[in-house]
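**Q** Take this structure, written in structure tokens, and hold onto it; I'll ask about it next.
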């Protein structure tokens, strides 16, 4: 089976912070949708719970959950949280992405 993506410590800390502010569990859902300027785009949401078929990884008590369909497109990825002069955002380092775009949330395979 494909390698389940993981969170960096920086991403886990940010998810924990957001979850505490919203009064939700520290569970980040990563999904892939069609669209974006390169064919696919990443979608992030806080989840109340993992679904039975989700694949999961955990970093510092924070869970990352991915549905089986999205997993094929993000296997082996690492989700990071980066801050720069342009802003702060979650960033997916996807070894399968053959193309990307300036927004950082869209990719092609």
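In the UniProt record's numbering, the protein residues as written are 1 to 109. Beta carbons are placed, not taken as given, at the ideal position from N, Cα and C, and that holds for glycine.
Report the rounded CA-to-CA distance for residue 35 versus residue 61, giving the unit in angstroms.
**A** 32 angstroms
**Q** Please tell me whether residue 95 and residue 77 are closer than 9 angstroms, where the distance is taken between their beta carbons.
**A** yes
**Q** Sort out for me which residues DSSP pairs residue 91 with in a bridge.
**A** Within the DSSP secondary-structure output, residue 91 pairs in a beta bridge with 80.
**Q** If you follow the alpha helix (DSSP H) that residue 20 is part of, which residue opens it and which one closes it?
**A** 9 to 22
**Q** Can the beta-carbon of residue 25 be found less than 9 angstroms from the beta-carbon of residue 47?
**A** For residue 25 and residue 47, yes; Cβs fall inside 9 angstroms.
**Q** Would you mind reading off the limits of the alpha helix (DSSP H) that contains residue 85?
**A** Here residue 85 belongs to no alpha helix (DSSP H), and DSSP marks it neither H nor E.
**Q** For residue 6, which option in 82, 43, 64, 22 has the closest C-alpha, if you only look at C-alpha atoms?
**A** 64
**Q** Look up residue 51 in the DSSP assignment and say whether it is helix, strand or coil.
**A** coil
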